[in-house]
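Chemist: The numbering of the sequence shown is the numbering used here, which starts it at 50 and goes up by one.
Think of the CB as a built atom: it goes at the ideal place given N, C-alpha and C, for glycine as much as any other residue.
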Amino acid sequence: MDYTQITAKCVETSKCLINKEAGLHDYDLDVTRSIGDIARLAVNIRRAGIFDLQKLASISAAIKQNFTTVRSDSLSTLEELGWVETHKEGTKIKRIDESIPPLEDILASLGKLWEDKSPTEVDIATVQSLSFLAKKPATKEALISEIGVSDEHFENALNYGVQTNYFGTFESFETGKEVVWTPFYWAGKLEDVQKFLQRQSDEKFNKIGILAKELSKYPGRPLENIKTEPALLNGGVASGFFPSVGVNDREGAEHEYVFSATPQFELDPEKDIFEKARLIVGCIRHGQYHAEVSKIKYPVLLLRSLREGRIKPHSYAKLQYALLYLNNICTYEKSEAYGGTAYKPLFNDTPENQVYMDVAEEMLKGEEPVHGTVDEPEVQELLTRGVFNYSSEQRQIKSAGKIRATDHYERMIEAMQSSGVYS
Numbered sequence: 050m051d052y053t054q055i056t057a058k059c060v061e062t063s064k065c066l067i068n069k070e071a072g073l074h075d076y077d078l079d080v081t082r083s084i085g086d087i088a089r090l091a092v093n094i095r096r097a098g099i100f101d102l103q104k105l106a107s108i109s110a111a112i113k114q115n116f117t118t119v120r121s122d123s124l125s126t127l128e129e130l131g132w133v134e135t136h137k138e139g140t141k142i143k144r145i146d147e148s149i150p151p152l153e154d155i156l157a158s159l160g161k162l163w164e165d166k167s168p169t170e171v172d173i174a175t176v177q178s179l180s181f182l183a184k185k186p187a188t189k190e191a192l193i194s195e196i197g198v199s200d201e202h203f204e205n206a207l208n209y210g211v212q213t214n215y216f217g218t219f220e221s222f223e224t225g226k227e228v229v230w231t232p233f234y235w236a237g238k239l240e241d242v243q244k245f246l247q248r249q250s251d252e253k254f255n256k257i258g259i260l261a262k263e264l265s266k267y268p269g270r271p272l273e274n275i276k277t278e279p280a281l282l283n284g285g286v287a288s289g290f291f292p293s294v295g296v297n298d299r300e301g302a303e304h305e306y307v308f309s310a311t312p313q314f315e316l317d318p319e320k321d322i323f324e325k326a327r328l329i330v331g332c333i334r335h336g337q338y339h340a341e342v343s344k345i346k347y348p349v350l351l352l353r354s355l356r357e358g359r360i361k362p363h364s365y366a367k368l369q370y371a372l373l374y375l376n377n378i379c380t381y382e383k384s385e386a387y388g389g390t391a392y393k394p395l396f397n398d399t400p401e402n403q404v405y406m407d408v409a410e411e412m413l414k415g416e417e418p419v420h421g422t423v424d425e426p427e428v429q430e431l432l433t434r435g436v437f438n439y440s441s442e443q444r445q446i447k448s449a450g451k452i453r454a455t456d457h458y459e460r461m462i463e464a465m466q467s468s469g470v471y472s
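Listed below in structure tokens is the structure:
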């Protein structure tokens with residue numbers, strides 16, 4: 050795994066551990082959780098400039114991190130990295146100056162720091178399993194063999210993940226084996242996706258992985274253009290395993306643009322960052338493959354033109370970008386041109402929409418999208434407008450407050466005996 054992806058998986062884990070009671074997972078996943086928390090804090094205070102502890106406390110609340118931990122631990126790490134400078138009067142911090150680097154540098158640096166902090170075997174099993182399972186499920190035996198940790202440490206990693214929903218298991222109808230997957234990639238469609246996966250063999254899992262890799266390198270590929278495993282692909286699209294965006298042409302025919310799955314932390318799909326980014330990419334792909342007159346040649350440049358309001362009025366624009374109008378990502382301006390009515394799409398510049406555009410650009414570049422995992426639009430709202438109204442709840446499909454290691458009590462007793470408590 051590269052360092053960027055290590056950090057991305059740390060962020061996914063830390064988000065799933067929000068609001069969980071203390072337990073041995075605090076030790077077993079200490080490095081992973083702390084790196085994920087630091088990454089989320091760094092990304093969301095980047096470009097804040099100069100700010101005080103009260104604003105840091107508000108940002109901490111917005112990303113659901115304990116302010117005391119942020120102040121004493123995360124801030125110290127950022128200072129050691131040279132990304133922030135604190136100014137004190139006595140022992141009290143009066144001012145914080147940030148000079149945090151771009152997102153790519155944040156993720157790469159923190160991934161290296163995760164490695165340097167000597168992660169536990171449970172840390173390693175969690176991060177590597179999340180990376181492997183993002184594209185396809187795997188039998189438990191195959192996953193243990195792939196990541197190379199002991200059965201005991203894997204079971205603890207799996208146990209924590211099942212309790213907090215970043216791992217799940219089911220029995221394959223085809224083989225009867227226990228299969229591990231990442232349910233929070235398919236939030237809202239769990240039942241249909243699991244039924245689809247339960248019907249597949251180990252060989253089909255590998256083919257699913259090949260399809261997912263192809264789609265992650267070229268998100269929004271038109272369904273009719275994908276020739277690999279058509280039956281498997283259609284089943285994956287129908288079940289929601291492969292998300293798709295449908296855009297109608299002038300004749301009312303729907304064209305589907307297919308993606309690999311991404312994490313979903315929102316209870317409400319309408320607020321899911323990746324879903325909104327897929328809408329943007331789907332509309333641009335529609336112009337690339339199914340425009341009536343001139344097709345888009347450079348999707349990334351077109352996205353930037355849309356974001357900057359440089360797209361010229363066009364008669365087809367109202368139809369092509371209809372999903373963006375309906376989702377408040379764009380509005381349009383009507384004008385008369387060439388003897389008919391033309392429409393100029395206008396980007397609705399909000400903190401949320403800026404994040405959607407960032408993720409959409411990553412997708413169009415064929416990069417693994419990470420903005421949607423790390424960025425918190427509510428924090429940008431706080432920084433740009435000076436208001437704080439955190440109404441969005443991060444996804445907690447299973448909201449169990451307590452997390453237990455598989456050997457929770459045995460380890461506690463052993464620890465107390467070795468320290469002389471029971472001697």
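#1: In angstroms, rounded to a whole number, what distance separates the CA positions of Asp251 and Leu90?
#2: Does DSSP put Lys447 in a helix, a strand or coil?
#3: Where does Pro151 land, buried or exposed, given buried means 16+ other C-beta within 10 angstroms?
#4: With three or more C-beta pairs closer than 8 Å as the rule, is the stretch 67 to 81 touching the stretch 396 to 415?
#5: Helix, strand or coil for Ile67 per DSSP?
#6: Are the CB atoms of Ala97 and Glu128 within a distance shorter than 8 Å?
#7: Looking at the secondary structure, which residues open and close the alpha helix (DSSP H) in which Trp163 lies?
#8: Can you tell me whether DSSP reads Ser121 as helix, strand or coil?
#9: Between which two residues does the alpha helix (DSSP H) containing Pro394 stretch?
#10: Per DSSP, Trp235 forms a beta bridge with which residues?
#11: Do you know how far the Cα of Asp165 is from the Cα of Asn93?
#12: Compare the Cα-Cα distances from Thr56 to each of Asp154, Lys276, Gly160 and report the closest residue.
#13: Looking at the strands, I want to know which residues DSSP matches up with Gly217.
#14: Would you mind reading off the limits of the beta strand (DSSP E) that contains Asn115?
#15: For Phe222, is the classification buried or exposed, using 16 other Cβ atoms within 10 angstroms of its Cβ as the cut-off for buried?
#16: Would you say Asp86 and Ser125 are within 8 Å of each other, going by their C-beta atoms?
#17: Between the alpha carbons of Ala326 and Ile142, how many angstroms are there, rounded?
#18: Buried or exposed: which applies to Gly48, given that a residue is buried once 16 or more other Cβ atoms fall within 10 Å of its Cβ?
#19: Between the alpha carbons of Asn48 and Val294, how many angstroms are there, rounded?
#20: State the DSSP-derived secondary structure class of Tyr381, mapped to helix, strand or coil.
#21: Figure out for me which residue from Lys253, Tyr267, Pro268, Gly269 has the closest Cα to the Cα of Glu278.
#22: In angstroms, rounded to a whole number, what distance separates the CA positions of Leu328 and Gln337?
#23: What would DSSP say about Ser199, mapped onto helix, strand or coil?
#24: Do you know offhand how far Ile275's Cα is from Glu401's?
#25: Between which two residues does the alpha helix (DSSP H) holding Asp251 run?
#26: To the nearest angstrom, how far is it from the Cα of Tyr392 to the Cα of Lys414?
#27: Rounded to the nearest angstrom, what separates Ala106 and Ala287 at their Cα positions?
#28: Go ahead and label Arg334 buried or exposed: buried means 16 or more other beta carbons lie within 10 angstroms of its beta carbon, across all protein chains shown.
#29: For Leu260, is the classification buried or exposed, using 16 other Cβ atoms within 10 angstroms of its Cβ as the cut-off for buried?
#30: For the candidate residues Val296, Gln177, Glu357, Val307, whose alpha-carbon lies nearest to that of Lys367?
#31: Nearest-angstrom Cα distance between Ile345 and Ala280?
#32: So which of Tyr370, Arg95, Lys244 has the shortest CA-CA distance to Gly132?
#33: Output needed for Glu385: all residues of its chain with C-beta closer than 8 Å, excluding positions within five of it in sequence on either side, in chain order.
#34: Among Ile257, Ile84, Asp101, Arg144, which one has its Cα closest to the Cα of Gly285?
#35: Starting from His136, trace the beta strand (DSSP E) both ways and give me its first and last residue.
Modeler: Concretely, from the data shown:
#1: When rounded, the distance between both Cα atoms is 39 Å.
#2: Confidence is the limiting factor: at Lys447 the pLDDT is only 41, short of 50, which leaves the residue's position unreliable, though a coordinate-based value still follows. In the structure shown, Lys447 sits in coil (DSSP, three-state: anything other than H, G, I, E or B).
#3: Counting Cβ neighbours within 10 Å, Pro151 comes out exposed, since fewer than 16 surround it.
#4: In short, these stretches do not touch, since the Cβ pair count stays below three.
#5: Three-state DSSP puts Ile67 in coil, outside helix and strand.
#6: At the C-beta level, Glu128 and Ala97 stay beyond 8 Å of one another.
#7: 152 to 165 is the span of the alpha helix (DSSP H), which, as asked, contains Trp163.
#8: Helix.
#9: Premise fails: Pro394 lies in the beta strand (DSSP E), 389 to 396, not in any alpha helix (DSSP H).
#10: Answer is none; Trp235 lacks a bridge partner.
#11: Inter-residue distance for Asn93 and Asp165 is about 24 Å (C-alpha atoms, whole angstroms).
#12: When only C-alpha atoms are compared, the closest one is Gly160.
#13: In the DSSP output, where bridge partners are listed per residue, Gly217 has Trp230.
#14: The continuous stretches of beta strand (DSSP E) do not include Asn115, and DSSP gives it neither H nor E.
#15: Label assigned to Phe222: exposed.
#16: Annotated as distal: Asp86 and Ser125, with beta-carbon spacing of 8 Å or more.
#17: Their Cα atoms are separated by approximately 38 Å.
#18: There is no way to answer for residue 48, as the model of the chain reaches only from 50 to 472.
#19: Residue numbering for the chain in the displayed model covers 50 to 472; residue 48 lies beyond these limits and cannot be assessed.
#20: In this structure, Tyr381 counts as strand in the three-state DSSP scheme.
#21: Residue nearest to Glu278 within the set Lys253, Tyr267, Pro268, Gly269 is Lys253 (criterion: CA-CA distance).
#22: Leu328 and Gln337: Cα-Cα distance of roughly 14 Å.
#23: Coil.
#24: Just so you know, the alpha carbons of Ile275 and Glu401 end up roughly 32 Å apart.
#25: Segment 251 to 266, the alpha helix (DSSP H) holding Asp251.
#26: Roughly 27 Å between the two C-alpha positions.
#27: In a straight line, the C-alpha of Ala106 is about 44 Å away from that of Ala287.
#28: Answer is buried; the Cβ neighbour count reaches 16.
#29: Counting of Cβ neighbours within 10 angstroms places Leu260 among the buried residues, the total reaching 16 or more.
#30: Sorting Val296, Gln177, Glu357, Val307 by C-alpha distance to the C-alpha of Lys367 places Val296 at the top.
#31: If you draw a straight line from the Cα of Ile345 to the Cα of Ala280, it is about 30 Å long.
#32: What sits at residue 132 in the sequence shown is Trp, not Gly. Per the Cα distances, Arg95.
#33: Ala391, listed in sequence order.
#34: Comparing Cα positions, the closest option is Ile257.
#35: Per DSSP, the continuous beta strand (DSSP E) segment holding His136 begins and ends at 133 to 138.
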